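S.K.:
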Amino acid sequence: MNYLYTLLFSILVSVSVFAQNNGGKTESDKYNYAKELIDQGKYEPGIVVLEDILSMKGATLQPYALTLIGYADYQQKKFTDAETTLLKVTSTYPSWEQLDNANYLLACSYLKQGKVNETIGMFDKIKDQSLKDELALLSKDAAQSLSYEEVYKIYTAYPTNEMVGFVLLEKIKEQPKEQRDQELYHKLATGLGVIIDAGHKVREGKFKDTYTIAAILPFFTETINGDALRVKNEFVYNIYQGLLLGKEYLEKRDVKVNILAFDTKRDTTHLQELLAQPEMENVDLIIGPLYADMLPIVQQYSNETGVPMVNPISNNSSIIEGVSSAFLATSTPSTVGSTLGKKLRTQELAALEMFEVDSLKLQADTVQTYVVFGHSTKEKELAKSFKEAYEAEGGKIAAFQEFDPVDGFNVLQEMFDPLAYVDSLDIVKDSTANVFIAVTNEIEALNTISALLSLGTVAATYVPEEWLKFKQLSYAQMESAKINILYPNWYDDDSYRAKSLIAEYQTKFNNQPSDFVFKGFETMFSFGMILNEYGSGFVTPLKESKTLRKGYLVPAYNYFEGQDNQYVPIIQFIDGDLKNMTPPEFIEEN
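Numbering of the sequence shown is given in my numbering, commencing with residue 1 and proceeding in unit increments.
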């Protein structure tokens, strides 16, 4: 929520001017003092000062004070309290000049409570387009985690909301073709300008002294400067800064690239004009776009011209679906799940090779896997792709269970009972089983792992990377339980390469690099090396190559028969540090 800083700064400026014009220095001083306290993270003392303002006779700053109280509650994760306070602002001061800010913060409070429907309802109440864009970006991920039925219900209530329309279209694309509502599918595609049946041009490869890469990103500025800080779309500039650093590191390896930076401005007409510019004729790779409403235009351009495109941050399969020259720098949930399924079955089959007699192999092949998954599209895709890949090689699924939101702990304890430790016998019933917990919701994940560990099981457990963000599950607990984490694009931040890159970024930009910097850097570095190896027509040979290549930070990348990274590290905490349990072999050094 980078925008909240700018939001409250603008309120502070407005309050200072307003108070000075009306002679209310005492009231303004109190407000500014409260703002200082809240800026320092002293939320409760700040709220006390703001409440004092609300009790003053003839006070003129109540809506400002209430909004700042709402912000303080939000920062303390008291989202219900923030909602109550901000609703008071919007109902009591419907003509307030800063009402958009209160409505935006209210929408964010709804979002944090999982009230996606209420969040979408706030779009029509916010007039500032930049705030709407920011809200769309924040709410898109939440909407994508819902089921098709839930998104469709929101769409029927808000049929003109583009973000909801794009998410619903993606949900339909994820369905098997025979299950799609074709009428709705084409209606959405037509209304949103999405090309769903496009031809594909294969580009002839050329080797060049210098390759041209177009960064098509939503900078929202007239001057694109890699040194810019604290801008509206700061994460976009972080990506761009990473691209610039990646270019420098490529040049150290005698790989020369020229970056053309284009600002989409979140305007489809402007984007079409950009793609029609003469400079695009020499472009060898497009990095971007980032927003869903810009995507169809670039997808169509890539299909028609054969110019490859890569998204540096998303794992959404809809970006590459139907576009043979589109790539993701990371791995889709489908690839993550199938990678685990193939790996576990390979391990099981390798263990069976110890038995020379086929009949003994058959008897010994009793390993079973238990799968628990959540309700979002991503969680279901992880579980489904795992099951398909695992069973395709003869693996046995003992249980395939969606988390029960009513009685999850008890249901799972019963399901995991075959893995329990038996005190009387001093053994674990099944010490060979695997468990895949494809759950990303923290409460549901904690219930699942608690149900499993309470039985004394020693089963090998695998979980998505989101578990590293859980606040109620310490790294020490994860290490003790020997939990394996599926972590696409993981890198060792204690390595010499990572530390030197961080130091160089700090020197160059006088700031600490965010994850977006690393994503931009790795995308530029990896695809720059691909251009150097295969030339501008790299799409087909890259997808035909089984070679596992070393990234600069990430352990490896590979696009064999795929358009997302097919290498997925499985990591574990060892002595407090994350270690890659699946180190790649035979990598070409960079």
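For each residue, glycine too, the CB sits at the ideal point set by N, CA and C. As the structure is a prediction and not an experimental result, all values here were calculated from the model.
Kindly indicate which residue of Y148, F509, Y152, L192 has the alpha-carbon position closest to the one of Q175.
M.R.: By 1-based counting over the sequence shown, the position of residue 175 is 175. Per the Cα distances, Y148.
S.K.: If we cut at 8 Å on Cβ distances, does G41 have a partner in chain C?
M.R.: Absent here is chain C; the protein component of the structure consists of one chain.
S.K.: Check for me: the alpha helix (DSSP H) holding F521 runs from which residue to which?
M.R.: Your numbering for residue 521 matches position 521 in the sequence shown. Start and end: 515-534.
S.K.: If I measure Cβ to Cβ from D209 and keep anything under 7 Å in the same chain, skipping five residues before and after, which residues do I get?
M.R.: What you label residue 209 is simply residue 209 of the sequence shown in a count that begins at 1. Hits under 7 Å: K256.
S.K.: Starting from V463, trace the beta strand (DSSP E) in both directions and tell me its first and last residue.
M.R.: The residue given as residue 463 occupies position 463 in the sequence shown. V463 -> beta strand (DSSP E) spans 460-464.
S.K.: Given a threshold of 16 other Cβ atoms within 10 Å of its Cβ, counted over all protein chains shown, does D515 qualify as buried or as exposed?
M.R.: Here the question's residue 515 lines up with position 515 in the sequence shown. Flag for D515 reads exposed.
S.K.: Could you tell me the boundaries of the alpha helix (DSSP H) in which D577 lies?
M.R.: Indexing the sequence shown from 1 puts residue 577 at position 577. Unbroken run through D577 is the beta strand (DSSP E), 577-580; no alpha helix (DSSP H).
S.K.: Tell me the DSSP bridge mates of M309?
M.R.: Position 309 of the sequence shown, counted from the first residue, corresponds to residue 309. DSSP, once it has assigned bridges, lists I286, A326 as partnering M309.
S.K.: Is the separation between the beta-carbon of A261 and that of A215 shorter than 8 Å?
M.R.: Reading the sequence shown from its first residue, position 261 is the one you call residue 261. Reading the sequence shown from its first residue, position 215 is the one you call residue 215. In contact: A261 and A215 (Cβ atoms closer than 8 Å).
S.K.: Inspect the CB distances between the region 540-548 and the region 264-282 and report whether three or more fall short of 8 Å.
M.R.: Short answer: they don't touch.
S.K.: Give me the Cβ distance between Y557 and Y567, rounded to the nearest whole Å; I'm assuming they're in contact under 8 Å.
M.R.: By 1-based counting over the sequence shown, the position of residue 557 is 557. By 1-based counting over the sequence shown, the position of residue 567 is 567. The Cβ separation is near 6 Å, so the contact holds.
S.K.: Could you have a look at K380 and say whether DSSP puts it in helix, strand or coil?
M.R.: For the purposes of this step, residue 380 is identified with residue 380 of the sequence shown, where counting begins at 1. If DSSP states are grouped into helix, strand and coil, K380 belongs with the helices.
S.K.: State buried or exposed for M581, treating a residue as buried only when at least 16 other CB atoms are found within 10 Å of its CB.
M.R.: Position 581 of the sequence shown holds residue 581. With fewer than 16 Cβ atoms within 10 Å of its Cβ, M581 is classed as exposed.
S.K.: Nearest-angstrom Cα distance between Y462 and I483?
M.R.: Locating residue 462 in the sequence shown gives position 462, counting from the first residue. Locating residue 483 in the sequence shown gives position 483, counting from the first residue. Those two C-alpha atoms are separated by around 6 Å.
S.K.: When the Cα of S474 is compared with those of I319, E442, K171, A72, which residue comes out closest?
M.R.: As a position in the sequence shown, residue 474 is number 474, starting the count at 1. Comparing Cα-Cα distances from S474 to each of I319, E442, K171, A72, the minimum goes to E442.
S.K.: Helix or strand or just coil, what does DSSP make of Y211?
M.R.: Translated into positions along the sequence shown, residue 211 becomes position 211. Reduced to three states, the DSSP call for Y211 is strand.
S.K.: For T448, count the other beta carbons within 10 Å of its own beta carbon; 16 or more makes it buried, fewer makes it exposed. Which is it?
M.R.: Against the sequence shown, residue 448 aligns to sequence position 448. Label assigned to T448: buried.
S.K.: Do three or more CB pairs link the region 149-159 to the region 126-137 at distances below 8 Å?
M.R.: The answer is no - the region 126-137 does not touch the region 149-159, with fewer than three Cβ pairs under 8 Å.
S.K.: If we count the other Cβ atoms within 10 Å of its Cβ and call it buried at 16 or more, is S28 buried or exposed?
M.R.: Position 28 of the sequence shown, counted from the first residue, corresponds to residue 28. S28 should be labelled buried.
S.K.: Give the list of continuous alpha helix (DSSP H) stretches no shorter than 4 residues that lie fully inside the region 104-139.
M.R.: Runs of the alpha helix (DSSP H) inside the region 104-139: 116-121.
S.K.: Hey, out of S331, E414, D263, whose CA is closest to V606's CA?
M.R.: Any property of residue 606 remains undetermined from this structure, which presents the chain solely from 1 to 590.
S.K.: State the Cα-Cα distance for the pair I570 and K35, rounded to the nearest angstrom.
M.R.: For the purposes of this step, residue 570 is identified with residue 570 of the sequence shown, where counting begins at 1. For the purposes of this step, residue 35 is identified with residue 35 of the sequence shown, where counting begins at 1. Those two C-alpha atoms are separated by around 45 Å.
S.K.: Return the CA-CA distance between K30 and I53, expressed in angstroms with no decimal places.
M.R.: Along the sequence shown, one-based indexing puts residue 30 at 30. Along the sequence shown, one-based indexing puts residue 53 at 53. So the alpha carbons of these two residues sit roughly 7 Å apart.
S.K.: Rounded to the nearest angstrom, how far is the Cβ of V307 from that of V283, given a contact under 8 Å?
M.R.: As a first step, residue 307 is located in the sequence shown; it is residue number 307 there, counting from the start. As a first step, residue 283 is located in the sequence shown; it is residue number 283 there, counting from the start. Indeed, because the Cβ distance is near 6 Å, the residues count as touching under 8 Å.
S.K.: Among F386, K499, F527, D564, which one has its Cα closest to the Cα of K342?
M.R.: As a working mapping, residue 342 is identified with position 342 in the sequence shown. Here the closest residue by C-alpha is F386.
S.K.: Return the CA-CA distance between I591 and A445, expressed in angstroms with no decimal places.
M.R.: Examination of residue 591 is not possible in this model, given that the chain is present from 1 through 590 alone.
S.K.: Is T26 buried or exposed, if buried means 16 or more other CB atoms sit within 10 Å of its CB?
M.R.: Sequence index remark: in the sequence shown, residue 26 carries index 26 (1-based). Flag for T26 reads exposed.
S.K.: Where do the ends of the alpha helix (DSSP H) carrying F235 lie?
M.R.: Taking the first residue of the sequence shown as 1, we reach residue 235 at position 235. 234-251 is the span of the alpha helix (DSSP H), which, as asked, contains F235.
S.K.: Hey, how far is the Cα of F509 from the Cα of G535?
M.R.: In the sequence shown, counting from the first residue as 1, residue 509 sits at position 509. In the sequence shown, counting from the first residue as 1, residue 535 sits at position 535. In a straight line, the C-alpha of F509 is about 32 Å away from that of G535.
S.K.: Quick one: what does DSSP say E36 is sitting in, helix, strand or coil?
M.R.: Residue 36 sits at position 36 when you count from the first residue of the sequence shown. Note: E36 maps to helix in three-state DSSP.
S.K.: To the nearest angstrom, how far is it from the Cα of L217 to the Cα of K384?
M.R.: Counting from 1 along the sequence shown, the entry for residue 217 is found at position 217. Counting from 1 along the sequence shown, the entry for residue 384 is found at position 384. In a straight line, the C-alpha of L217 is about 33 Å away from that of K384.
S.K.: Which residue comes first and which comes last in the alpha helix (DSSP H) that contains A503?
M.R.: For the purposes of this step, residue 503 is identified with residue 503 of the sequence shown, where counting begins at 1. Run containing A503: 496-509, per the alpha helix (DSSP H) assignment.
S.K.: Quick check: V310 and L285, are their CB atoms within less than 8 Å of each other?
M.R.: In the sequence shown, counting from the first residue as 1, residue 310 sits at position 310. In the sequence shown, counting from the first residue as 1, residue 285 sits at position 285. In this structure, L285 lies closer than 8 Å to V310 by Cβ.
S.K.: Specify the secondary structure class of G447 as computed by DSSP and reduced to three states.
M.R.: Locating residue 447 in the sequence shown gives position 447, where the first residue counts as 1. The question names Gly, but residue 447 is Asn in the sequence shown. Helix at N447.
S.K.: What residues match up with F262 in a beta bridge as DSSP calls it?
M.R.: In the sequence shown, the residue the question calls residue 262 occupies position 262. F262 is bridged to I216.
S.K.: Evaluate S338 with the Cβ neighbour count: other Cβ atoms within 10 Å of its Cβ, from every protein chain shown; 16 or more gives buried, anything less gives exposed.
M.R.: As a first step, residue 338 is located in the sequence shown; it is residue number 338 there, counting from the start. Flag for S338 reads buried.
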